[in-house]
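Report on the following structure.
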Amino acid sequence: MNVLFLTIGYPEGNETNLYTDLIQEFEARGDNVYVVCPRERRVGKQTELQEKGRSRILRVKTYNLTKTNVIEKTVAMLMLESQFVKAIKKYFSDITFDLVIYSTPPITFAKVVQYVKTRDGSKSYLLLKDIFPQNAVDMGMFKKNGLVWRYFRKKEERLYAVSDHIGCMSKGNVEYLLRHNPEIDRSKVEECPNSIKVRYFSETRLTHKQTVRAQLQIPEDAVVFVYGGNLGRPQGLDFFLDVLDELRDRQDLFFLISGSGTEYEKIRKRIDEAAFTNVKLFKAFPKEQYNQILECCDVGLIFLDARFTIPNIPSRLNSYLEYGVPIAAATDDCTDLMTILEEADCGVWAKSGDKRQFIKQLEVLARDENLRKRLGRNGRIYLERNYTVARSYEIIKAHTV
C-alpha cells in the first residue's frame, strides 16, 4: 500500500515523535510511506526529497510556520495547500496513493487531500490533534462569529467533509466534534489516541539515576517534578509559576522544566527575578537526552489553560506513561484527561487555577514513594494496552480493507 502522510510536525534528523513512530509502524507492516512536510525558510534550504528506509520524505520550502509573528504564520498556513499540491505534482506524479493521512494543525489541508483523492481514488484519514479555530477563540486570539473565525471555520468544515474517517484523541474529543458538527456522519468518527512505539526499559532506560541528577545539579534526595514540552499560552503556565512561588521554600521538592515556546522568556525572567532555589529551567533537550532525564524524575506535570472549552490531550502524557512516571495534572474541566488518569489509576488531577487543591495533590505524591511507584506501574500498563502505534495502525488500516 502506498501511503501519503501530510503534516507540519515531522522533525529533521534522527528526532522522533508521534508521527515518526506511526510511520515506522506502517513501514514495518510492509507499506510504502511518502511524507510531505514543511521546510521553513529560516532553515535556508530548498525543497528536497529524502529517502529513509521505506519512506520518502518531501520537505517543501515554506514561509515560517513557527517561532514567527502572527502575520507570517497566517500567510504561511494559507499558502501551504498550494505549495504542497505543487510539490506532490512535481515529485510524486508517478505514485498512486491508496491512503492519505493528515494531522491537525493545520486545518488548511482540504485542497491537498481533495486533489490526491480525485487523482488517485485514495481513502482519507484525519488525525484530529487540534480543534481550530475554537482553541484560538478560547485563548482570546479572535472572537467567535467574527470575520477571521468565519473564514477558518469554513476551512475546518471543508477538512471534515473531505475526510473519509476522523480519528480523535479521546472519547471527549469524539463527543465534542459530533456535538459541534452535527453534519458529520457519526460512523466516520472514532477514537485513535496519541500513540508511540513503546521502548522497553532494558533497551533505553538509564540505571544511573544519581549520575543524571548530579549532572543537572538536582538534589539527590528531593522529590523531582518534571514538566517537559511546549511552553506556550495554551498551557496556562502562569498558574504553574504561582504554584512554584507558593512552594519556593520547600527544599524537599524540586521542579525541572524543559521546553520551548512563546512563554519561555517570560518563565525564565520570572524564575530569575524570584531567585527560586528549587527550580531549574532548560531549553528543550533532544529527545534521547530528555528520555534520560525522565529516568531521574519522580512525577510528570501536565498543564492546560483553564479557559479551554475543547478536550485537549497533551502528547507529553505518553512520555510520562512510557517511563512509569506518575502524573499530576492541572487543566480545564472540559478535557477528559482527568477521566483517563482515573481509569488508568496513574495520577492526580486538579482544575487549573485551584492552587490549594493542586498543591495538596503534589504533597500527597511527594510523601508517598509507594504510591508513586504504583501509579507509575499502572500508567505503563495502560500505555501498553491503549497507546501503541501498533494499535493505531490497526485502527487506521481497518478502513483500507
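Numbering-wise (full-length UniProt numbering), the sequence shown opens with residue 1 and increments by one. The beta-carbon is built from N, C-alpha and C at its ideal position, and this holds for glycine as well.
Worksheet entry | Span of the beta strand (DSSP E), counted from its first residue to its last, around Val36 | Asn32 to Glu40
Worksheet item: Under three-state DSSP, which class holds residue 420?
Response: With the chain represented from 1 up to 401, any question about residue 420 goes unanswered, as that position is not in the structure.
Worksheet item: Sorted by chain position, which residues of the same chain lie with C-beta nearer than 6 Å to Gly261's C-beta, five sequence neighbours on each side aside?
Response: Asn230, Leu231 and Gly232
Discussion item. Looking only at its chain, what residues have a beta carbon closer than 8 Å to the beta carbon of Ala110, apart from the 5 residues adjacent to it on each side?
Written reply: Glu81, Lys155, Arg158, Leu159, Ala161 and Val162
Fill in: Length-filtered (3 minimum) beta strand (DSSP E) runs lying within the stretch 335–379
347–351
Discussion item. Just to confirm before moving on: does the CB-CB distance between Tyr227 and Ile271 stay below 7 Å?
Written reply: no
Fill in: Straight-line gap, residue 415 to Phe84 (C-alpha atoms, nearest Å)
Here the chain has residues from 1 to 401 only, and residue 415 is not among them.
Practice prompt. Starting from Ile257, follow the beta strand (DSSP E) in both directions and report where the run begins and ends.
Written response: Leu253 to Ser260
Item to complete: Using the Cα positions of Lys397 and Asp185, report the straight-line distance between them to the nearest angstrom.
Response: 20 Å
Worksheet entry | Collapsed DSSP secondary structure at Thr74 in the structure displayed | helix
Discussion item. By the DSSP assignment, the alpha helix (DSSP H) with Leu128 in it spans what residues?
Written reply: Premise fails: Leu128 lies in the beta strand (DSSP E), Lys123 to Leu128, not in any alpha helix (DSSP H).
Discussion item. Could you tell me the alpha carbon to alpha carbon distance between Asp333 and Tyr125, rounded to whole angstroms?
Written reply: 29 Å
Worksheet item: DSSP puts Val223 in a beta bridge; with which residues?
Response: Leu253
Practice prompt. Identify which residue in Leu294, Tyr115, Asp305 and Leu337 has its Cα closest to the Cα of Leu241.
Written response: Asp305
Discussion item. If I measure Cβ to Cβ from Thr331 and keep anything under 6 Å in the same chain, skipping five residues before and after, which residues do I get?
Written reply: Leu304, Leu337 and Ser352
Worksheet item: Given that a residue counts as buried once 16 or more other Cβ atoms are within 10 Å of its Cβ, and exposed if not, what is Phe255?
Response: buried
Worksheet item: If you pair each beta-carbon of the stretch 9–23 with each one of the stretch 386–400, do three or more pairs fall below 8 Å?
Response: yes
Worksheet item: What does DSSP give as the partner residues of Val60 in its beta bridges?
Response: Pro38
Discussion item. Along the chain, where does the alpha helix (DSSP H) containing Thr20 start, and where does it finish?
Written reply: Leu18 to Ala28
Item to complete: Along the beta strand (DSSP E) that carries Ala275, what are the first and last residues, could you check?
Response: Taken as a continuous stretch (DSSP letters only), Ala275 belongs to no beta strand (DSSP E), as it is neither H nor E.
Worksheet item: What did DSSP end up calling Tyr102 once you bin it into helix, strand or coil?
Response: strand
Discussion item. With three or more C-beta pairs closer than 8 Å as the rule, is the stretch 212–223 touching the stretch 191–201?
Written reply: no
Worksheet item: CA-CA distance, Pro105 and Glu51?
Response: 25 Å
Worksheet entry | Closest Cα partner of Lys61 within the set Tyr151, Ile71, Asp345 and Lys45 | Lys45
Item to complete: Quick one: give me the first and last residue of the beta strand (DSSP E) that Asn318 is part of.
Response: It is not in any beta strand (DSSP E) - Asn318 instead sits in the alpha helix (DSSP H) that spans Arg316 to Glu322.
Fill in: Reduced DSSP secondary structure (H/G/I, E/B, other) of Phe152
helix
Discussion item. Less than 8 Å between C-beta atoms, sequence neighbours within five positions excluded: which residues of the same chain meet that for Asp138?
Written reply: Asp305, Arg307, Phe308, Thr309 and Ile310
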